[in-house]
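Student: Under my numbering, the first residue of the sequence shown carries the number 10, and numbering increases by one thereafter.
Glycine is no exception: its CB is placed at the ideal position from the N, C-alpha and C atoms.
The structure follows.
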Amino acid sequence: MKRVHVAVAVIVSPQRQILIARRSDDQHQGGLWEFPGGKIEAGETTSQALIRELNEEVGLATQVEQMSPLTEILFDYPDKQVCLDVLWVDVDVQALDQAHGAEGQPIAWVGWDKLSDYDFPAANQPILDAIIQRFQ
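Set out below in C-alpha cells:
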C-alpha cells in the first residue's frame, strides 16, 4: 500500500483561534476543511516542510521556534496509508491579517471550541481531539 507522509500545522493565534482551509472540490476529500500543510519531500524535516507549505498555501512566514509536536496519526484509506505529523504553530496577531488562501482556497480563523461546526476528513478527528485536550 502506498504511504504518504504529510506535515500538518495547527496554527494558533493569541486569541486561541485556529486557521483552517477548505479543500477544493476536485481534490481528494474535496469540500472538507483541513489544517494547512502538505507532503514532506525527500530530505525535509517536518518543520522544514511546514515552513515551505505555510508560505505556499496561506502566505505565512514561520520559523522552527514557533513549532512544537502535537500528535502523529496513521490513517488507512482504501488506496493509501497517510502518516500525519502534526505540529502546533504559535503565531502573533499580525498573522490574522497576513494569512490568505494563496492557492485560491477559502480560509477561516475559528475558535477552537467551534471547530466541530466544520466538516473535516475522518483522518483529522484525532487532531481535533488533541486540540480540545490542549485547551481544556
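#1: Could you tell me which of E43, Q145, D34 sits nearest to A16, measuring between CA atoms?
#2: Does the beta-carbon of V21 have 16 or more other beta-carbons within 10 angstroms, so that it is buried, or is it exposed?
#3: Please work out which residues of its chain come closer than 7 Å, Cβ to Cβ, to G68, disregarding the five sequence neighbours upstream and downstream, and give them in chain order.
#4: Could you tell me the alpha carbon to alpha carbon distance between L124 and L137, rounded to whole angstroms?
#5: Locate the alpha helix (DSSP H) running through D138, then write down its first and last residues.
#6: Which residues does DSSP list as the beta-bridge partners of S77?
#7: Between the region 99 to 106 and the region 69 to 80, can you find at least three pairs of beta-carbon atoms closer than 8 Å?
#8: Which value, in whole angstroms, describes the spacing of the CA atoms of K48 and L93?
#9: List the endpoints of the continuous alpha helix (DSSP H) containing I60.
#10: On a CA-only basis, which of D88, W121, L96, M10 is nearest Q145? Give me that one, please.
#11: If contacts are defined as beta-carbon pairs under 8 Å, then I140 and V19 qualify, I think. What distance do you get, rounded to the angstrom?
#12: Between I29 and A117, is the Cβ-Cβ spacing less than 7 Å?
#13: Look at the alpha carbon of P115 and the alpha carbon of R31, and state the distance between them as a whole number of angstroms.
Tutor: Quick answer:
#1: E43
#2: buried
#3: Q107, A108, H109, A111
#4: 8 Å
#5: 134 to 144
#6: Bridge partners of S77 according to DSSP: W97.
#7: By the C-beta criterion, the region 69 to 80 is judged to be in contact with the region 99 to 106, since at least 3 inter-stretch pairs fall below 8 Å.
#8: 9 Å
#9: 55 to 67
#10: W121
#11: Correct: roughly 6 Å between the Cβ atoms.
#12: yes
#13: 6 Å
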